[in-house]
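A.B. asks:
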Amino acid sequence: MVTSKEIKAAAKRLGADIVGIGSIDRWHTAPIQMDPKQIMPNAKSIIALGFRVMRGSLRGVEEGTYFSNYSAMGYGGITYLYMPMTVINLSKMIEDEGYEAVPMGHQSDWRAIDNLGYMKENFSRPVAPGKAAPDVMINLRIAGFLCGIGEIGYSKMLLTPEFGPRVRVGIIITDMELEPDPIMEPGTLCNRCMACVRECPGGCIPADRTIKENVGGYELEWADVDMDKCDWIFQGAEKCEDGEEGDYFKETQKREGSYKPSSISPFNTAPRNLYNSGKAICGAKGCTRACMISLEKRGVLKNKFHSPFRTEKHWKVDWNAEAIEVDYKAPYEGLDSPNSMKTDSETD
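See below:
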């Protein structure tokens, strides 16, 4: 039989940065719509695989010059391309041993609950009494905690000893019984410095309002994050004041109300999605970048760097001021080129 040690070694060979294992009994307090036993009633173990978000994927947002990399390579590329291949191939190894494996690279887009955890109205119905409505959504950050790869920080982010909040999580539910890892004691990494609260550009992480949950026998507490507000703040939007009109979302999606670009967006309208994931224009300024900077300054992360991440005061866009012009000449464009945008008068 394959051992936990062999599973972890295989996961890392396949591309995971961190691997942890939790016994299924740790999910005994999970609500029915987040209960892995609703997917696999005879599940014995859950394997959590952590995938680092490159610090460099946040660099362009920090500089204010290259925003698509974090959404594409730091989020969408991991979530929808890289992670599924690792999770699927490890699941193959488990099924080759005669045990069933449910690969989960990300939450289901068909999930029956919304981002706040409430049931979607008129979306789906249980197929029998005692069963959840399809689709069940396993909370991946909680899974990371219950499998011992990190703790839940005040911002509700999973913080790992290796990368802090720079991590995405995929899981495998299996009926293979594996030796579980110890759960990280809450408070090991997060010292409630409140950097996430101070730097969230929308004030979505309150300092005085929290949620307390019993998770696997541990009493956890995190900020009661305003997820609805976060949804448009992280895309670089700001709600218009009374009498104002804005069309920030006109090219990408329909939203109720008028929005304009905020001080953390240099774009006139929100860019389109990348790899089916949202445009993270804020670059996770509070929940990830501020937290990472704090953890790095304290020297508690294993993934260390030769230079600090932030070296100057962070920028803001002043949309009330006249736009800054860029002195730019298109490359490879001769006067006689059909691509030339010069007028006849300019070429006389």
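Here the sequence shown is numbered in the working numbering, starting from 21 and rising by one per residue. Just so you know, even glycine gets a beta-carbon here, dropped at the ideal spot from N, CA and C.
#1: Is it true that the stretch 219–229 meets the stretch 300–315, where meeting means three or more beta-carbon pairs spaced less than 8 Å apart?
#2: For ARG309, does the three-state DSSP call read helix, strand or coil?
#3: Please report the residue range of the beta strand (DSSP E) in which PHE254 lies.
#4: Whole-angstrom Cβ separation of GLY173 and CYS210, contact assumed at under 8 Å?
#5: What residues in its chain sit with their C-beta under 6 Å from that of PHE254, if we drop five residues either side in the sequence?
#6: Assuming LEU110 is part of the beta strand (DSSP E), what are its boundary residues?
#7: Mind the definition here: the stretch 107–122 touches the stretch 134–147 only if three or more C-beta pairs lie below 8 Å; say whether that holds.
#8: Taking just the CA atoms, how far does LYS280 sit from ALA31?
#9: Is the separation between the beta-carbon of ILE284 and that of LYS249 shorter than 9 Å?
#10: What separation, rounded to the nearest whole angstrom, lies between the Cα atoms of SER91 and ALA163?
#11: Which residue marks the beginning of the beta strand (DSSP E) containing SER43, and which one marks its end?
#12: Which of the three DSSP states is assigned to TYR100 in this structure?
#13: Quick one: grab the DSSP three-state call for GLY164.
#14: Could you tell me which of SER175, GLY80, PHE87 sits nearest to ALA243, measuring between CA atoms?
#15: Nearest to ASP262 by CA position, among GLY277, ASN89, GLY76, is which residue?
#16: Give the range of the alpha helix (DSSP H) segment to which SER24 is assigned.
#17: Would DSSP call LEU136 helix, strand or coil?
C.D. replies: Judging by the given coordinates:
#1: Verdict: yes, contact present.
#2: helix
#3: Where PHE254 is concerned, there is no enclosing beta strand (DSSP E), given that its DSSP letter is neither H nor E.
#4: With 8 Å as the limit, GLY173 and CYS210 qualify as a contact, their Cβ atoms being about 4 Å apart.
#5: ALA300, CYS302
#6: From DSSP, LEU110 is part of no beta strand (DSSP E) but of the alpha helix (DSSP H) over 103–116.
#7: no
#8: 44 Å
#9: no
#10: 23 Å
#11: 38–43
#12: helix
#13: helix
#14: Measuring C-alpha to C-alpha distances from ALA243 to each of SER175, GLY80, PHE87 identifies SER175 as the nearest.
#15: GLY277
#16: 24–34
#17: coil
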